[in-house]
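Residue numbers (my numbering): 246 to 1057.
Glycine included, C-beta positions come from ideal geometry on N, C-alpha and C.
Data block below; observations after.
Laid out in structure tokens, this is it:
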């Protein structure tokens, strides 16, 4: 019944947003001819090619080009300055249109003439007007329709709109691209309004090559630049500093020779972005002196190119920033602007206040990652962190709009940081938001689905992509039918999809996430039940300790020995193979040659979702104890691991339920990058064999620490982490047990609000669980605020668990 209701709602959505077909306000241009008022190759570039080829791919129609117009329908391309050359029947109707701005266009759908007129302010305006036509037209076998409501006069709000396309092994798919695939991908970005691409040099903080590469890196970089130039786009290059000493003449000469060889090879280069760190870690004095030398080599081959810098560093203390902005404010002639991106620890307002000169700021958003990144998912269920991980297929359209608009007013636009195709949907959202931040993401997704999936999937595809983002929000066990409904949506499209669509990598990416999410939730339900059953068996004192241990171990092992929903698992594995075939997506290390942590989320598809690894490890340890009494005591300790005792408190800060104790700072919507507020973190900094085990069927090693250690509250850089307890009994002294288990291995200090020191700076490491006395003066009034900080150059503070334990009654 629920499925039927959901499908009815989806069909209603289709009626509103899907395939229109011929109607009263619709133009049928299936038999139209193509007429252009200009043949200037610097204006037309590849715009006519895009139009002709993309129409033919989708419809089989070969539009006929003509040199003059007569009767019948037309698609007309013209520059604004050439509007007087339009046929009179169109010119008269368009004479009152407003003047266009740079890169702007008029798209006029003429129902009476059964024609479409695309007028660009310039070459790019012609390209983007053609792109809007292709996005809004309903093009299918033998038919081309477009509704009158697609008519629009538009120009971009922001001057910079682009994406990074790094050809290096670290990416989850780009290193497997052919020249033709890069050409098509760049074309599609341009159709949705991108005017820039950012390429990478042959040498970065990565391996020099991979088994996926079709060309040597320098050859592909040259091709990327050529492709960008052929579409009339700007070409940027991200070029980090990888050497240690840029004051050494030999190092400088070696680096200059390398850059000259690269700059000489690329046919077009408009800007070079050099990160202040990550990688590279030069003091600003050294950095700016080196940039002066690099600029000389750059301008030898690309005289108008500028260098852009980001204020990021691995050791970003205040002295570093002071020196950086002192140099920036001298505004050297080679400096084009600043870049704000991942691991820039200063809020945008601080950066702007530090600027004493007019200088543009470019946004460099991380749109690729889900955790350990600039914009993690808030309160992401730890199950997703263990399975999907950092770099899965990750459509986040609603979140991306929020991230964009949070900083857009301070930037000239953006070129996104991307590690492959996993963030494909996010790229198109950013391009549309950079064009017009008032655009509803549903409109972008409808255009995306219409253009890439087909007009009959415009509405359904948009809603199905939105549903994938919704899967990620909140407690997975409590999601009820959200994840299931998302799978139904994708399965409904899958049943209707022609073979070509089923081989489309964008469709395959949505489909694999829908099956992956549903499979993961089914496993979570099942494995949670197994864990609860095992805990009941361990607590059954009517049986001997040995019997309890055997039963619980057998129950926990059912998770990998008797798995559920194997058909969904197989579907995911098949789709992973299909994505490798279609676009070189590397979703596993063993079979597809992925790099660890770089999109290989299929390797984690059977990762245990309950506490089975830790409990199994504890059972093996307890089985070795010499007596039943010792075993019983050890079992009791396992069962009561989180028990703080009478009058005590226990909190796990990877769980939103404990966050009422955290002093939160700004709302997430106001600070999505967490530069002024704590956030949830994921991961574990433990090393050594004792912390890991191999589970049958899982190709990666599994952590045997309690699952609570895999998520925490974190505060990055100087953001204060404060946690409050205000229900303490003044008649008792207290001690605290604490687990520091996140990714950061920072040196951290813990104090109380009244200045009492709980512990001085200690280095977090392989012994995450610590215990400390709390001075009675800190809790005498029944309230205490704990405050953590890290050293100036550290990444931040992470806390997984806290026990507040009574340590004895106060003697008065």
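Bounding residues of the alpha helix (DSSP H) (the contiguous stretch that carries residue i)
{"i": "residue 985", "result": "Per DSSP, residue 985 belongs to no alpha helix (DSSP H) and is neither H nor E."}
{"i": "residue 863", "result": "857 to 868"}
{"i": "residue 1035", "result": "Careful: residue 1035 lies outside any alpha helix (DSSP H), inside the beta strand (DSSP E) at 1029 to 1035."}
{"i": "residue 369", "result": "368 to 381"}
{"i": "residue 784", "result": "Premise fails: residue 784 is in no alpha helix (DSSP H) and is neither H nor E."}
{"i": "residue 296", "result": "292 to 304"}
{"i": "residue 544", "result": "529 to 546"}
{"i": "residue 508", "result": "494 to 510"}
{"i": "residue 645", "result": "642 to 652"}
{"i": "residue 797", "result": "790 to 806"}
Buried versus exposed call for residue i [16 or more other C-beta atoms within 10 Å across all chains shown]
{"i": "residue 770", "result": "exposed"}
{"i": "residue 989", "result": "buried"}
{"i": "residue 250", "result": "Residue placement at residue 250 is poorly supported in this model, since its pLDDT is 42, which falls under 50; the coordinates still yield a value, given next. Classification for residue 250: exposed."}
{"i": "residue 619", "result": "buried"}
{"i": "residue 865", "result": "exposed"}
{"i": "residue 511", "result": "buried"}
{"i": "residue 728", "result": "buried"}
{"i": "residue 586", "result": "buried"}
{"i": "residue 271", "result": "buried"}
{"i": "residue 408", "result": "buried"}
{"i": "residue 329", "result": "exposed"}
{"i": "residue 1046", "result": "buried"}
{"i": "residue 861", "result": "buried"}
{"i": "residue 499", "result": "exposed"}
{"i": "residue 744", "result": "exposed"}
6 Å CB neighbourhood of residue i in its chain, flanking five on each side removed
{"i": "residue 342", "result": "351"}
{"i": "residue 311", "result": "278, 280"}
{"i": "residue 355", "result": "none"}
{"i": "residue 916", "result": "922"}
{"i": "residue 956", "result": "627, 899, 927"}
{"i": "residue 894", "result": "1049"}
{"i": "residue 574", "result": "601, 602"}
Segment limits, beta strand (DSSP E) that includes residue i
{"i": "residue 319", "result": "319 to 324"}
{"i": "residue 1006", "result": "1002 to 1008"}
{"i": "residue 309", "result": "309 to 311"}
{"i": "residue 357", "result": "Premise fails: residue 357 is in no beta strand (DSSP E) and is neither H nor E."}
{"i": "residue 706", "result": "Per DSSP, residue 706 belongs to no beta strand (DSSP E); it is in the alpha helix (DSSP H), 703 to 716."}
{"i": "residue 392", "result": "388 to 392"}
Residues bridged to residue i (per DSSP)
{"i": "residue 583", "result": "554, 606"}
{"i": "residue 1048", "result": "895, 982"}
{"i": "residue 520", "result": "555"}
{"i": "residue 966", "result": "1033"}
{"i": "residue 350", "result": "365, 399"}
{"i": "residue 948", "result": "937"}
{"i": "residue 1026", "result": "DSSP, once it has assigned bridges, lists no residue as partnering residue 1026."}
{"i": "residue 1039", "result": "According to DSSP, which records beta bridges pairwise, residue 1039 is partnered with nothing at all."}
{"i": "residue 924", "result": "959"}
{"i": "residue 675", "result": "Per DSSP, none; premise fails for residue 675."}
Chain-order list of residues whose beta-carbon lies under 7 Å from that of residue i (same chain, five-residue window excluded)
{"i": "residue 1001", "result": "1020, 1022, 1023"}
{"i": "residue 1055", "result": "976, 977, 978, 1021"}
{"i": "residue 256", "result": "Any reading at residue 256 is ruled out, since the residue's pLDDT is 41, under 50, leaving its predicted position unreliable."}
{"i": "residue 646", "result": "674, 678, 686"}
Residue i beta carbon near the ligand ZN (any heavy atom closer than 8 Å)
{"i": "residue 483", "result": "Absent from the structure shown: the ligand ZN. Ligands present: none."}
Contact set for residue i: own chain, Cβ-Cβ below 8 Å, skip 5 residues either direction
{"i": "residue 831", "result": "417, 418, 421, 457, 825, 837, 838, 839, 840, 843, 844, 845"}
(Q) Check whether the region 701 to 712 and the region 428 to 445 are in contact - that is, three or more C-beta pairs closer than 8 Å. (A) no
Q. Is there contact here, the region 298 to 307 with the region 416 to 424, by at least three beta-carbon pairs under 8 Å?
A. no
(Q) Would you call the region 966 to 981 in contact with the region 1026 to 1035, where contact means no fewer than 3 C-beta pairs closer than 8 Å? (A) yes
Q. Counting pairs of beta carbons, one from the region 617 to 624 and one from the region 919 to 931, are three or more of them closer than 8 Å?
A. yes
**Q.** Cβ contact (3+ pairs, closer than 8 Å) linking the region 513 to 530 and the region 541 to 557
**A.** yes
(Q) Does the structure place the region 377 to 384 close enough to the region 660 to 669 that three or more beta carbon pairs sit under 8 Å? (A) no
Q) Pairing CB atoms from the region 681 to 699 with CB atoms from the region 456 to 474, are three or more of them under 8 Å? A) no
**Q.** Stretch pair the region 399 to 416 + the region 715 to 723: three plus CB contacts closer than 8 Å
**A.** no
Q | Validate contact between the region 749 to 762 and the region 836 to 843 using beta carbons, cut 8 Å, 3 pairs | A | no
Q. Would the region 407 to 414 and the region 359 to 373 be scored as touching if the rule is three or more Cβ pairs under 8 Å?
A. no
(Q) Using 8 Å as the cut-off, can you tell me whether the region 561 to 575 makes contact with the region 589 to 604, which would need three or more C-beta pairs spanning the two stretches below that distance? (A) yes
Q. Do the region 877 to 884 and the region 778 to 797 make contact, defined as three or more Cβ pairs closer than 8 Å?
A. yes
Q. Taking contact to mean at least 3 C-beta pairs separated by less than 8 Å, is the region 521 to 530 in contact with the region 470 to 487?
A. yes
Q) Touching or not, the region 781 to 788 and the region 735 to 742, by the rule of three or more beta carbon pairs under 8 Å? A) no
Q) Do three or more CB pairs link the region 637 to 654 to the region 946 to 962 at distances below 8 Å? A) no
(Q) If contact is defined by three or more beta carbon pairs under 8 Å, each pair taking one atom from either stretch, is the region 812 to 824 in contact with the region 744 to 759? (A) yes
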